[in-house]
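These notes concern the structure reproduced below.
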Amino acid sequence: MFSEIDHTFMLQALALAERGMYLTTPNPRVGCVIVRDGDVLGAGFTQPAGGNHAEIQALEDAAARGHGVAGATAYVTLEPCSHFGRTPPCADALVKAGIVRVIAAMEDPNPKVSGRGLQRLREAGIEVRCGLLEREARELNIGFVARMARGTPWVRLKIAASLDGTTALENGVSQWITGEAARADGHRWRARACAILTGIGTVREDDPQLTVRAIDTPRQPQRVLIDSRLDVSPRARMLATGDGPAPLVFCASDSGEAATRAEILRQQGVEVIPVANARGKVDLQAMLKALGQRGINELHVESGFKLNGSLLREGCVDELLIYLAPTLLGPGRAMFDLPQLETLDKRMQLTLHDIHQTGEDIRILARLAPA
Ligand code: AOF
Ligand code: ZN
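The numbering used here numbers the first residue of the sequence shown as 139 and each following residue consecutively.
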């Protein structure tokens, strides 16, 4: 159904989409290449929200290069939109420009679109095919797809540990177990995330900034803290306000004895959101829903033993990003606070998605089986 030439141009469109990796949230990263007789007339990728979608960038690029696009094929990594969002529908723009063939990698999971963009193109007499390099396109927007499908972000939990699975000494010392290359790689994963989450234990011990520093990025992810009793110091480094979205703190209650602390945080520009479960702790699923409603596609977690364990036990984790350093630390802090099992059949099963050597360390990406 797809030729080798189609493959080549869709790969180009995917490479373009990847250039939106740190940029497009909450929108998906999309790439578009417009081709006629084997020549690329225009190319583009999604701009920050409110800016052009990939198709418009490609059409404008073709115009800037003096090319008409009548009779051309558009390769897009996501179905062109059919709705008026922050921008008008791309499907209409492609029709108007005289495109005669559209190859899309996947349907847009956004319920406002989901097939209607392709339908609109077909109704205008355009030849439409969908599904070329779909797996790659889905991976690129794994968070957007998750949020559209279930209303919550894709949750990626990052851990650095020794080969024997220790993340810190018993006294909390953990800097640094993995090498510089792994740390820089970790910042790339931070940069592509819409938000970075940690817990009050980690803030008390390490006072992390939770910003992207080791690499260049056009935007900082939102910082998110789970702190049931609002014990956090207003001077914690992750609550520093300034550029980028306001930090968010999820607590169990912002009234009663927590009211004053909530007020102090709010006055310094921090958003405080109470979501309690029956045990008086933060309801983690409710927190994920709230993040989904705020347009968070990929949530990057860097936390400790306790919160890591709670997130896993409550079915909140999609993927583990684990860096293992070729060192042995012996007993110390473990990766996750999980219950001791009596039988193997109760184990949590993962599938290995990717293994990679990063400097001297090993990077493992493993996924939880969907419930
Ligand atoms: C496209 N091309 O490059 C992207 C699309 O609010 P708006 O107008 O920016 O629309 C955002 C929605 O458009 C987003 O949720 C997704 O469904 C689609 N993204 N569509 O045709 C693009 N990024
Ligand atoms: Zn669009």
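Glycine included, each C-beta is placed from N, C-alpha and C at the ideal position.
| Query | Result |
| --- | --- |
| Proximal residues to Ala322 (C-beta, below 8 Å), its chain only, five neighbours per side dropped | Ala352, Ile353 |
| DSSP bridge partner residues for Arg373 (one or two, in chain order) | Arg373 is not bridged to any residue. |
| At least 3 beta-carbon pairs within less than 8 Å: the region 353 to 362 vs the region 458 to 469 | no |
| Under 5 Å, CB to nearest heavy atom of ligand 2: contacting residues | His191, Cys219, Cys228 |
| Given Ile434 as reference, the closest of Trp292, Leu154, Phe140 once Cα atoms are compared | Trp292 |
| Asn279 beta carbon near ligand 1 (any heavy atom closer than 6 Å) | no |
| Simplified DSSP state of Asp177, which is helix, strand or coil | strand |
| Exposure of Val311, with buried meaning 16 or more beta-carbon neighbours within 10 Å | exposed |
| Per DSSP, cross-strand counterpart(s) of Cys268 | Ala242 |
| Buried versus exposed, by CB contacts within 10 Å (16 or more), Thr398 | exposed |
| Check: Val240 C-beta below 6 Å from any heavy atom of ligand 1 | no |
| Validate contact between the region 181 to 195 and the region 382 to 391 using beta carbons, cut 8 Å, 3 pairs | no |
| Residues bridged to Tyr461 (per DSSP) | Ala298, Arg501 |
| 7 Å Cβ cutoff met for Val413 and Met425 | yes |
| Residues that DSSP places opposite Ile334 in a beta bridge | Arg361, His438 |
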